[in-house]
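J.:
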Amino acid sequence: MDPFLKKFFQDLYIKMKEDTEISNYCKFDNELLTSFTSSLYFAWLFASLVASSMTKAFGRKLSILVGGVALLGGSALGGAALNIYTLILGRILLGIGVGFANQASVEGNLVPLPHFLPV
11 MDPFLKKFFQ DLYIKMKEDT EISNYCKFDN ELLTSFTSSL YFAWLFASLV
61 ASSMTKAFGR KLSILVGGVA LLGGSALGGA ALNIYTLILG RILLGIGVGF
111 ANQASVEGNL VPLPHFLPV
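Residue numbers (the numbering used here): 11 to 129.
#1: Would you report the Cα separation of Glu28 and Phe19, rounded to the nearest angstrom?
#2: Using a threshold of 8 Å, state whether the C-beta atoms of Gly83 and Leu97 are closer than that.
#3: Taking DSSP as the reference, what is the three-state secondary structure of Asp12?
#4: Alpha carbon to alpha carbon, how far is Leu50 from Leu103? Give it in angstroms, no decimals.
#5: Since Asp21 is in the alpha helix (DSSP H), which residue starts that stretch and which ends it?
#6: Taking Cβ positions, are Ala91 and Gly100 nearer each other than 8 Å?
#7: Express the C-alpha separation of Ser62 and Leu72 in angstroms, rounding to a whole number.
#8: With burial defined as no fewer than 16 other Cβ atoms inside 10 Å of the residue's Cβ, what is the status of Ile106: buried or exposed?
#9: Can you tell me whether Gly69 is buried or exposed, with buried defined as 16 or more other CB within 10 angstroms of its CB?
#10: Would you mind stating whether Ile94 and Leu42 have Cβ atoms separated by less than 8 Å?
#11: Compute the distance between the beta-carbons of Gln113 and Thr65, then report whether it is under 8 Å.
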């Protein structure tokens, strides 16, 4: 975790290394780090609410496509991030991708059983 903190949270890294008596409970008491972590989950929640009505209207194929594109874009953006704001934007795209891809879960009635098996 040190290289990540050095690159995106230099002040937090310095504070963590200087203060050895900091408790583990509030070791990373930083609003930017918290927003980095929670951005994925908030985007996931919002996207799943939007994706449910989109899946109902247009079908699962479009939800899977939007989810896949958002996941690829978020991964590329997160991997190429040079600052924390780009990294947070990549996490938001990842959350949107997971929210849309979550709508395409396989249910039992999607794969019909062969007609010769007893039900």
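Where is the CB? At the ideal position from N, CA and C, for every residue including glycine.
On a predicted model such as this, the values are computed, not experimentally measured, just so you know.
T.: Let me lay it out:
#1: As a working mapping, residue 28 is identified with position 18 in the sequence shown. As a working mapping, residue 19 is identified with position 9 in the sequence shown. One C-alpha to the other measures close to 14 Å.
#2: Locating residue 83 in the sequence shown gives position 73, where the first residue counts as 1. Locating residue 97 in the sequence shown gives position 87, where the first residue counts as 1. In this structure, Leu97 does not lie closer than 8 Å to Gly83 by Cβ.
#3: Along the sequence shown, one-based indexing puts residue 12 at 2. Of the three classes helix, strand and coil, the one that applies to Asp12 here is helix, per DSSP.
#4: In the sequence shown, residue 103 corresponds to position 93, counting from 1. In the sequence shown, residue 50 corresponds to position 40, counting from 1. Those two C-alpha atoms are separated by around 8 Å.
#5: Position 11 of the sequence shown, counting from 1, holds the residue named residue 21. Counting along the chain, the alpha helix (DSSP H) containing Asp21 begins and ends at Gln20 to Glu28.
#6: On the sequence shown, residue 91 is found 81 positions in, with the first residue counted as 1. On the sequence shown, residue 100 is found 90 positions in, with the first residue counted as 1. Taking 8 Å as the Cβ cut-off, Ala91 and Gly100 qualify as a contacting pair.
#7: As a working mapping, residue 72 is identified with position 62 in the sequence shown. As a working mapping, residue 62 is identified with position 52 in the sequence shown. If I take the Cα positions, the gap works out to 11 Å.
#8: Along the sequence shown, read from residue 1 onward, the residue named residue 106 stands at position 96. Per the 10 Å Cβ criterion, buried.
#9: Counted from its first residue, the sequence shown places residue 69 at position 59. So Gly69 ends up on the exposed side.
#10: Walking along the sequence shown from the start, residue 94 turns up at place 84. Walking along the sequence shown from the start, residue 42 turns up at place 32. Yes, the pair counts as a contact, with Cβ atoms nearer than the cut-off.
#11: Indexing the sequence shown from 1 puts residue 113 at position 103. Indexing the sequence shown from 1 puts residue 65 at position 55. Yes, the pair counts as a contact, with Cβ atoms nearer than the cut-off.
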